[in-house]
Structures are given as C-alpha cells and as structure tokens.
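A short worksheet on the structure shown next.
Residue numbers (this note's numbering), protein chains in the order written: chain S, 344 to 922; chain E, 344 to 922.
Here's what the structure looks like:
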C-alpha cells in the first residue's frame, strides 16, 4: 500500500525551526523526518524511519558481503569491563553513568569494544574459531558537551560497530581491509561523497587507523590532502622534523631588553629594530619560539600544567593538542593557573630544561638540535636571542600541536597540503591487542600455546550519514534524496478537484507497487496544488509524478526533483518511464 | 547464502548454565541464542537475532494492517514530561534515572505515553487529523527488583508499544478493538497460546484494560476463568458484595476472653468450645474478621500504615494488595512498625471506626451492613463476638485484597472460578484522557472548540514472547520452534566424511534458498554426526534434513524435530517435500 499523505503522521513546516542551525537539520525537521526530544536526542517520524531503514539495509548487506555476522548488545552495561580497560574513567564527562536500585554502577555504552571482547572470550577458545568479525547496528550514547546540528552530533545515535578478531597481525590486516572495502561499497551505494584520511588512533588505543570523511563546509573535522595523494585528519598529520644543524659556530645567546612586546609581531619588530642577524636577513615570526602554557584535566579531574615551545608564526591547534595529550582535556592556562605559578613570567616565558617544578616542557618537532630562537628569558621584559636547542636548552619531549597550514609540505613528500573540512562518517581501527590483553582474550594456537587475540574496530555513524546526505542533497526548496535512501521510489501528486484525478493517481500507485516500487501518494482532497507541490519539493523524493489537468489529454507530468525538469508523458508510457 | 555452522558465531553448551532456572532460559543460552551481559540484560547472538527479526516482522505487518504507523522514540528521555504526569516519582525504584554532564535529570524510558502525547500535540491540532495510531518497536528499561528467567523479566527488553489518539470515546473503543484484533492475529501467527483476561488498569490510569496471558506453569501472573467465559487477571477480580443483612434482631456484641489464640484455627476452636451460635451451627474461619496491618511505601519513600479487615478464612493476596494500594509498595507491618503503635494490640487487633491516629481502616467487600464477626477487641487476650458492621463498627472504605480461590463464584455469575498461571505477553488499555489532560493535548473539534484527546496504549513484549515460545516449544533435547519464528526454514546436517556428502548438502541448500527458503547448514567437517544431531535438536529448527550414508542410495532423511519422525526420501523428491 502506498504511504498516503491523507493519513500519514506528518506536519510539514513552512518556517525554519528556531532550534536548527544547519540546512540539513532545518529540512529534516521541516519535512517531518525527525523531531527533537531533548538536546541531541531525536525522535524518528515515519518518513525518517523509512530513510533509516534503507541506510541500515545497505550496511547490513555489505557487512554480510564482508563476512561479518550480526549480533546485538545491550546499551545498558555494567561498569566492570570498562573499569578493567580504564575507559570508565577515561571517557570523563562524555559517558552517561547511572546506578541501579542496588547502587551498582552502569553506563550507557558509547562503543562496545569491551563487550565484544568478552563475548568472543565467552564463546571461543581456539585458533580454529578465528577469524571472526561481528557487528551490530545499535543505539549509542555520548554525553557530548555541545550536541550540534541535529543528527550530526547527537547524544543518542545509531552506529554500526564491527569488531574483528584474529590470531595474528596478517589476519588483522586482512580483516581491516575487508571492512575498509565494505565501507567504500557502502558509501558508494549510499551516494555519499567521501575521502579516506589517516587518523589519530587517540583514546581508542591501537596502531593504524583511518577515517572516512565526507567533505562539507559544516564539517567539524579538518583534513589535509596533497597532490600526491596524502590525506589525513589534521590530528594525524605528523610534522617532519628538519635535519639537525651544527651547534659549532653559532652565535652565543644574548639577553635583550624587550619591554612592550605583547605580541609576536611586536617582538619581531623590536628584534629587527635593535638586533642584526649574522646572516643579514630580517628576523621573522618563524625565528621566535613562544612557550605556551596549557592546562590539562585528566579523566579523574586532576588539573596540571605543561609548557610547549612552538614557532612564533603558528598557533596551537586545539584538536591536535587534545590528540597529543589524550585522554586529558586541554585548555589554555588561566589567570588563576598563572597566579599559582609566579615562576611563569607572562609574556616572557622561556624554555626551561627539565621544566619548572611540576610543569614539563615540550617542544614542537621543528625545534631540533642546532636551531636558534628568540624566546622569553623567564625574566620580566627580557628575551634571549640565538638560544640554541641542544646547547642552551632541552625539552622533555616532542608535542606536535602547532596548526597545520595550507602549503605546508605533506609528511610523505607528496607536495604541498591543502586544507578542507569534513564530517566523520566512518572510522576503521587496527586496535591490536589492547582490549584482548586487558580482558584476557586468549586462544590456543596450532601448537597448543595460549596467544592473545588481535582486534580491529570499525564504526559507521548510521544516523549521522542521514544528516550528511541531507546536507549534501538539498536546495532552497527542500531535500533531494539519492534514490538509494529516498523514503519512497516515487512520489505521486494528485493535483486538482476532480474525483477521476484521484482515481488515476491511485491506479498508478497500485501499478507501481505491483512492480515493486514504493510510493508516497499525496491524495489530500482539500489541499491546494501549490501546497502539494511545495510539500513534494520539501520531502524530496527524487521522482515525482503529477496527476492533474493533463489527464484530460491522457497525460501526467514527470518531475525530476533534482534537475527541476518537468515534462508531460502519456499515462500509458508513464509507468514504463518510471520503472 | 545459508548460515554455515562452520563459521557461525555459535558455541552450544552441553551443560545447563548455573545462572538459568527455567527451561526456556537454559535452552536459549545452551543453544546460543542469547548471552547474559548483566542481571536482566542480554546480548543477542546471530541465531537469537534471526528469531527476534521474525517476531518483529509479524508485529510490524499486523500493526500496518491495523492502520498503525511506525515511529521511533529515544530511550533516553528528559525528566520534565514524566514529572508533569507524576510518573517520575510513581515509578519508584523501577525507573533508571541519571543525570547528564549539566546535572539535568534524565530517565531510561519504561514506556512512552508522555512522549507520544507530546509528539501528537506537536504535530496535530484538529479533529481532522484524528484518529491516529502510532507505534514503535524499541528497547525499554525497568529496574526490576528481581530480574528473572532470562528474557521473561529483563531490565532491558524490547517492546512494541502503540498509542491511539481519538476525539471521542467511540473512536477510542474502535482503536482499542483494532489493536485487540491485531494482537489476536499476531499471537495466532506466532503460534503463542493465549487467553485474554480483564486487567487492573493500575498505575497506568484509565478505564478499561485487558491482558493477553500465555498460560504457563512458570507464569508470574495468576488468572481466573469460569465455565461461562469470564476471565481476569487475579488483580482485576472484583469480589461481588453480598446483600446487606438486617441489623434488627442480631445478638448484641459480647467480649470474650481469648488467651492463647495465635491463629484463626485456635480462635475458631475456642469459639466452638465456649460460645454457642444462636443458629446452632459451628463457627468457622469465615465468621472471623482478621485485621491485617499493612505498611505502604509511597513512590516518594514515605511509609504509612493501614488496616484491612478480611474474613479469617482468606489470606491477603500480595498482588491484589499492590493493585489496591498502587502506586504504593505494600508489605506486612514489621515489629518496628508495631513498636511505634502500641495501640495496635498484636493478635487482638479489632476494627476501629475512623481508624487509629494516622492509620485508616478498610474492609473486605464481604463485610457489608449487618454481617456479624468474631474479631479482635483491641485489648490483650480479648475478642468480641457478634460484632456487626453498620451497628458496631464502620470502615473508611473497601479494599478487595483477599485471595481469590478456585471455586469462588465469577463476579458475572458465570460459574465457579478456576485458577491458572500465565505470562503477560500483551496489554491493551483504554487510557482515556489522563495523559492528554496532564500534557494539554487538545484539538479543535468540528465547532471550533478545543477538546481533550482520548488515548489508548497497547503493548507487546517482543523479547518476552521469544522466551514464552521457547518455554512452550521444547523437549529434553532442545528447542522446537514454530515455523513462524524459527531462525531458518530448514536445517541441513551433512553427516559423514565423504566430500560428496558436503557437496550434496551444499547443492540442496542452494536449491532451497533459490526457492526462497532460509537454511542453516551444518557443514562442519571434523565434527561427529552424533554431535551434529545433538546440536540440531538443541537449536530446534522444526524441519531437519540429514545428508549422510543414504546418499549412496540417492536418499536423504527428513527429520521432523517435533514428532521425532525420521524417514528416507529420494534426493530428487526431498526438495519438493520440503517446500
């Protein structure tokens, strides 16, 4: 039976809802696909469920093609396994935690590595049982600080999460590739534009990891790519360290007065006014080393300070800093932090080998042996010039947290990087043995020895993809779904008052359904054609048929929602044209 | 593609798991359908998911036939709507409550009346929009005090919950009947034995309500039925009040000593030894009125006492008491309670018109005007005889909490009741206007006046039905699924070592799948036929085909799992016999 607008649970909205910022969110609300139940928590209306079911069907088919088997885990999970892996704490405020009536701790699962590991441990014990790849399509929970853009960043959302279990690294690589291939097929079938970028494995632990990003100006992820094919999430870009320089022969470090240099620009101006460089060229911001003080908050809530020396021509990238200091949260040190540390002379903070008491000192990868810097002298209104790494100061390690800029060289030498924004729609991880070790998942190998299983984890944001598709497929009048996920194959508008129009539309709908097509039929008798056309454009089924005045000549209009093209065809041939 | 046991994520267990009490639970664990993740919280393995998908498909088809439209609500819901209807508190410890990072209160929804009401209010505004019936199939959460018997009483479970919205009572009755009819079709198609019984509307509020119970000795619900067709949940049985008796001419009340009468039996014996009845017959327990002190705990946690006078030949039924005093929890008063109320003379508590301070006094419906009782005299070692209701004492109301016994007359005069146990598998409610009023769901009627919508609520325990089916369909060797929900249509065992056996089995599987049948194929080459047969019996697909030695004669064995019948048929005719 067609979906009839005369009784479909739907109310389209002419005005943009106040709660929505981005177009996909506005249109999904206006066209009656979803409704907000709480911040970042959405209800699915019938049209939305139809789209969701189509996405899930494609995901299921390609998971089966990749040999993955479907299971279904609870969302409500006990604390213990997450305690063992440390994630009960590491997730910090992002985890929804609760207690049952017996005061036992539970969580709403943000992801299921622990549970899949334990399930395989429960059922399997031998190398003969492996490899196995399991997945689920399930509601996930993350208490996002800033739920955003409707389905793009929700607090309750649907993910397909798959996990592979192998006896050795070769097996893991094969499993990873099989999922990666399946993802390419899924996104291609869904009609989602995507790029695969190197990712930072971050809090998940593990070795190799790639993200599937859908390029979009509203994306929260920045990624880079080079003409030679390098592509990475900005968090994963590793700045190549330049070659060390000889220390011998470098000018000695000299402290200069530097009052009134609140910015790098003023410092560089002062340097060029007062101090000549040995090589004759001008000083630039890249010759300065600014020492940034960051405050880290551990998942347990402990706050501590670190210093990082970065070239003065670059800002710290907040996301790269988060990745570098994971699982801590990172922010700029506050006035309060500085007040507790009078040894940090604001505006004149300099490198400190070994750090200040309780404050470690790290440097950017560009700070290699023999590089000379203008930097703070740890004394009010003083900077030191020609301060050479490896001679005058050292650091506790490298932290690669400076911004990546368009034109920077790709780490693999494949040319200058360009920057773009994208939305993460999939993520594949080679987890390795982290979870299997923590939860003791071992099997007997061919020689009867217990070996730890190696794992991969593979996620797709099912509900997020719907937002991505809506964002990439709309115009000012409404949504324009790709056929793969459209809530129906054909949308028939019965436009007019005569009964025979409705009869013809019903007949056409029945014929299309008999041919296996799904149909939405606007059979509302007291609604004007103008309103019906607006609703058809808003709802966004790509193929629209108008049964109206043309029927007098035995014709209907075929309306291509995407191109806007409308043309009359004979009623008899309409069916064949549509199928 | 068939499900192949050579790589299916499955491990059958020979031993009963310690965690399981009832057969269905043991077998669902042993046969690899589910695994426990936490008390009352289960993981679905591939075979279990296949059964669940079949149940859900039948439910969806019949909901569509009944004109209901599918939506999907979050499980994570904000407190506010539940606060408005009072259920945030009324649910007591049964509700999983949590806070997000901003300390806002949330709950995991046990049922969605509030949210459906608000959704219809959000979208609809006119009588023209009604009637509408919406449903979802969704994970529900209840923090049961005693999760039990696997899927039978879980804390995370799947329900189909539907809600109807009508402008008037006639519409509600039609919607109720449509859902009730759909339930009959669903349970018939699933092959679940059921009875429809009158139910206590209880904490849900509302007027009419019926339960679908599946008769089972392990059921937690007791229900009654009469030869004349009366059927009710024991909580819903309304004891008919007998006719009042004349007070005139009754003997005066007399207080007698009654030391050493700790039980009703000893009291009756003492009465018969010492006091002759005017009518000459012996005293029986039914002539005594015992005054039971109950402690109620309100959802807010407030404890208070009540007294109820019930005939001495009947015990208080805990479930009927819970229903009568809902939403309070009910237990017998403790020693501590009595210690705080020295006016309650234990063993000799008598009726107290108006109750004791802060303790209301209720009576059983059989206590009508003119009935005379032996009852406590509120004085140590004293009982009063011929204590007549309406003359010597009165009550604050009726509480029908005494046990219902086999042989009791049906309230509608349709004969003596018999008692049986059942498992609640569905529940239909005429909610009326309780939720619409609380949440202000009004629409304009034909005259442009705002009227409050009337609602129904209709639930089916999807995951519970799987346990019910397993409980009703098994033998000592394993499960025996009805065809409607079997994880596959046909189960093929390749029994033997010869390669040609496996080839023949694969060919048969492919042919069956080409005909639209789903197949599980036991293609494990290093497993003995005996183990394969045991697994086949445990897993419980009703139609089994054995490809084995018979192939030498061109034959396979068809094995009916339910009857146990095995017979050889020619390979050529096997396909036709199975289809």
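Just so you know, even glycine gets a beta-carbon here, dropped at the ideal spot from N, CA and C. Here the structure is a predicted model, which means the values were calculated and not measured.
With DSSP as the reference, please indicate the residues paired to residue i in a beta bridge.
i, result
"residue 524 of chain S", "DSSP, once it has assigned bridges, lists no residue as partnering residue 524 of chain S."
"residue 509 of chain E", "E:797"
"residue 496 of chain E", "E:491"
"residue 707 of chain S", "Residue 707 of chain S is not bridged to any residue."
"residue 736 of chain E", "E:732"
"residue 822 of chain E", "E:817"
"residue 649 of chain S", "S:637, S:703"
"residue 626 of chain S", "DSSP lists no partner for residue 626 of chain S."
"residue 552 of chain S", "S:772"
Helix, strand or coil: which one does DSSP assign to residue i?
i, result
"residue 919 of chain S", "helix"
"residue 401 of chain E", "helix"
"residue 588 of chain S", "coil"
"residue 808 of chain S", "helix"
"residue 470 of chain E", "helix"
"residue 637 of chain E", "strand"
"residue 778 of chain S", "helix"
"residue 872 of chain E", "helix"
"residue 827 of chain S", "coil"
"residue 547 of chain S", "Note that residue 547 of chain S scores 47 on pLDDT, short of 50, meaning its location in the model is unreliable and no value can be drawn from it."
"residue 440 of chain S", "strand"
"residue 867 of chain E", "coil"
"residue 386 of chain E", "strand"
"residue 714 of chain E", "coil"
"residue 752 of chain E", "strand"
"residue 360 of chain E", "coil"
"residue 658 of chain E", "coil"
"residue 379 of chain E", "strand"
Taking the continuous beta strand (DSSP E) assigned at residue i, which residues delimit it?
i, result
"residue 565 of chain E", "564-568"
"residue 478 of chain S", "475-484"
"residue 728 of chain S", "725-731"
"residue 910 of chain S", "909-913"
"residue 741 of chain E", "Unbroken run through residue 741 of chain E: none, as it is neither H nor E."
"residue 663 of chain S", "Run containing residue 663 of chain S: none in the beta strand (DSSP E); it sits in the alpha helix (DSSP H), 661-667."
Taking Cβ positions, are residue i and residue j nearer each other than 8 Å?
i, j, result
"residue 414 of chain S", "residue 352 of chain E", "yes"
"residue 570 of chain E", "residue 765 of chain E", "no"
"residue 762 of chain E", "residue 844 of chain E", "no"
"residue 374 of chain S", "residue 864 of chain S", "no"
"residue 455 of chain E", "residue 416 of chain E", "yes"
"residue 578 of chain E", "residue 662 of chain E", "yes"
"residue 717 of chain E", "residue 622 of chain E", "no"
"residue 715 of chain S", "residue 730 of chain S", "yes"
"residue 711 of chain E", "residue 584 of chain E", "yes"
Starting from residue i, follow the alpha helix (DSSP H) in both directions and report where the run begins and ends.
i, result
"residue 680 of chain E", "678-683"
"residue 844 of chain E", "842-857"
"residue 561 of chain E", "First-last for residue 561 of chain E: undefined, no H or E at that position."
"residue 615 of chain S", "607-617"
"residue 427 of chain E", "422-428"
Please determine whether the Cβ atom of residue i lies at a distance below 7 Å from any heavy atom of the ligand NAP.
i, result
"residue 768 of chain S", "Looking for the ligand NAP in the displayed structure turns up nothing, as the structure carries no ligands at all."
Against chain E: residues of the region 488-501 of chain S by CB proximity under 8 Å
Using a CB distance below 8 Å, the part of the region 488-501 of chain S facing chain E consists of 488, 498, 499, ordered along the chain.
Under 7 Å (Cβ pairs) to chain S, residues found in the region 472-487 of chain E:
Result list: 475, 477, 482, 484, 486.
Determine which residues of the region 398-425 of chain E have a Cβ less than 7 Å from any Cβ of chain S, and write them out in chain order.
Residues of the region 398-425 of chain E with a Cβ closer than 7 Å to any Cβ of chain S, in chain order: 412, 413, 414, 415, 416, 417, 418, 419, 420, 421.
If you measure beta-carbon to beta-carbon, which residues of the region 798-814 of chain S are closer than 8 Å to chain E?
For the region 798-814 of chain S, which is checked against every Cβ of chain E, not one residue is closer than 8 Å.
When you check each C-beta in the region 441-469 of chain E against every C-beta of chain S, which residues fall closer than 8 Å?
Taken in chain order, the members of the region 441-469 of chain E whose beta-carbon sits within less than 8 Å of a beta-carbon on chain S are 441, 443, 444, 449, 451, 458, 462, 465, 466, 467.
Short of 8 Å Cβ to Cβ, which residues in the region 853-886 of chain S face chain E?
Of all residues in the region 853-886 of chain S, none has a Cβ within less than 8 Å of some Cβ in chain E.
Using a beta-carbon distance cut-off of less than 7 Å, what residues from the region 621-644 of chain S approach chain E?
Those would be none; no residue qualifies.
Under 7 Å, CB to CB, which of the residues in the region 425-439 of chain S have a partner in chain E?
Against chain E - using a Cβ distance shorter than 7 Å - the residues of the region 425-439 of chain S are 436, 439.
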